[in-house]
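In the working numbering, the protein residues as written are 549 to 897.
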């Protein structure tokens, strides 16, 4: 990744200096989850989470219960892997048949990202639709790929994923309560969850003015939990006006954002914000997102409890697994057409 190939170059309107405020004084909320231990403060925390989901689609959490030692172990272990020669990394390279493992050619919106990734499914093996054909009910089983070195790579990653998944469901319950719904309203959607987590490495880039670590996109999941290092680079698009601004790294915090599923379930009350990652020419950056995904057979559509004559459905329902495998196609190669997006399911009024 030393030379900037044409496949990395973003359109002018999507480059790092486009429509952005580098020193934006306004910031997304940082919410201390230890306040949930105070019965008199629980409702305040729930309300703050709801406000953040509606206004920003993003917030950060501290005192979240994911052990710092577990996170540090993952960060140290995965760095050893990414520093290996390419011939070692491609031994666990992912492909269109099995989308778990190492990859260095991912595309976002048909432009190549300046990054390397390693994807790991929470359930191993994991079941997903065998094709994008709506009439094809076939399923296939995918397995995680694990490198032989470092030897504790699998153990470190699985330990972290267990803590992240536990926190994801805790946040899901708080989000449900913020909507005035029962705490466990969403639980049945995850019986065969497709959740996965990823390690991102963003190497120094010779032309950070032309390329992005990840291009502008919305997450296709329910909620995402991101551990980012102190380098910074994550930016989000403000709901009120679309202006881009950075997410300031907070020591030991996790960045939380709302995905397409929650946006649809809440009928656009909660916001799945576009975000991207800018790169720099001197420092590599690591981040570890955990993506909470429902079961492949779940039909994602606005929740009946949140609809009314004044608030009719804004989306048609879609099967999550089919949506996922269709989106997944563009991870591996440039497509000639725009890949499927959540707006494709918007109800035309």
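Ideal placement from N, C-alpha and C gives every residue a C-beta, glycine not left out.
| Close beta carbons around residue 756, own chain, < 6 Å, minus the five adjacent residues each side | 827, 828 and 829
| task | Just mark residue 742 as buried or exposed, buried being the case when its beta carbon has 16 or more other beta carbons within 10 Å. | result | buried
| said: Bridge partners for residue 748 per DSSP, in chain order? | reply: 665 and 835
| said: So the candidates are 693, 702 and 552; which of them puts its Cα closest to the Cα of residue 621? | reply: 702
| query | CB-CB under 7 Å to residue 665, same chain, minus the five flanking residues each way: which ones, in chain order? | reply | 651, 654, 746, 747 and 748
| query | Can you tell which of 844, 583, 593 and 816 has the C-alpha that lies nearest to the C-alpha of residue 868? | reply | 844
| field | Run of the alpha helix (DSSP H) containing residue 626, from where it starts to where it stops | value | 616-630
| said: Measuring straight from C-alpha to C-alpha, what distance separates residue 582 and residue 795? | reply: 22 Å
| said: Contact defined as beta carbons within less than 8 Å: I believe residue 808 pairs with residue 855. What is the distance between those atoms, to the nearest angstrom? | reply: Not quite, the Cβ-Cβ distance comes to about 18 Å (not below 8 Å), so this is no contact.
| How close, in whole Å, do the beta carbons of residue 597 and residue 722 come, if the pair is a contact with beta carbons under 8 Å? | 5 Å
| query | So the alpha helix (DSSP H) residue 718 belongs to, where does it begin and stop? | reply | 701-726
| What residue from 562, 594, 764 and 825 has the CA that sits closest to residue 779's CA? | 825
| Rounded to a whole number of angstroms, what is the C-alpha to C-alpha distance between residue 732 and residue 605? | 21 Å
| query | From the DSSP output, which residues share a beta bridge with residue 761? | reply | BP columns for residue 761 are empty, so no partner.
| Burial state of residue 663 (16 or more Cβ within 10 Å) | buried
| Straight-line Cα distance separating residue 798 from residue 866 | 36 Å
| said: Does residue 726 pass the burial test, meaning 16 or more other C-beta atoms within 10 Å, or should it be called exposed? | reply: buried
| Among the residues of its own chain, which have a CB less than 7 Å from the CB of residue 787, if the five just before and after it don't count? | 603, 604, 605, 819 and 821
| task | Give the straight-line distance between the Cα atoms of residue 802 and residue 612, rounded to the nearest whole angstrom. | result | 8 Å
| field | Contact check, residue 692 vs residue 648, beta carbons under 7 Å | value | yes
| task | Would you kindly work out how many angstroms separate the C-alpha atoms of residue 668 and residue 785, rounded to a whole number? | result | 28 Å
| task | Specify, as a first and last residue, the run of the alpha helix (DSSP H) that residue 742 falls within. | result | First-last for residue 742: undefined, no H or E at that position.
| query | Under three-state DSSP, which class holds residue 549? | reply | Residue confidence is low: residue 549 scores 47 on pLDDT, short of 50, so the model does not pin down where it sits. Its coordinate-derived value is still stated next. In this structure, residue 549 counts as coil in the three-state DSSP scheme.
| Taking the alpha-carbon positions, what's the residue 738 to residue 754 distance? | 42 Å
| Enclosing alpha helix (DSSP H) for residue 607 [first to last residue] | Taken as a continuous stretch (DSSP letters only), residue 607 belongs to no alpha helix (DSSP H), being part of the beta strand (DSSP E) at 606-610.
| query | Residues bridged to residue 675 by DSSP? | reply | 689
| message | Quick test of your reading: residue 762 and residue 568, contact by CB under 8 Å. State the CB separation rounded to the nearest angstrom. | response | About 15 Å; that fails the 8 Å criterion.
| How many Å lie between residue 846 and residue 608 at the Cα? | 28 Å
| request: Please name the residue or residues paired with residue 802 in a DSSP beta bridge. | output: 609
| query | Roughly how many angstroms separate the alpha carbons of residue 674 and residue 689, rounded to a whole number? | reply | 6 Å
| If we ignore side chains and look at the alpha-carbon of each, how far apart do residue 836 and residue 862 end up? | 32 Å
| task | Kindly list the residues whose CB is nearer than 8 Å to the CB of residue 694, restricted to its own chain and excluding five residues on each side of it in sequence; keep chain order. | result | 640, 701 and 702
| query | Cβ atoms of residue 584 and residue 923: under 7 Å apart, would you say? | reply | Nothing in the structure corresponds to residue 923, since the chain is present only between 549 and 897.
| request: Sort 768, 857, 562 and 850 by Cα distance to residue 659 and report the nearest one. | output: 562
| request: Pull up the DSSP beta-bridge partners for residue 848, would you. | output: 866
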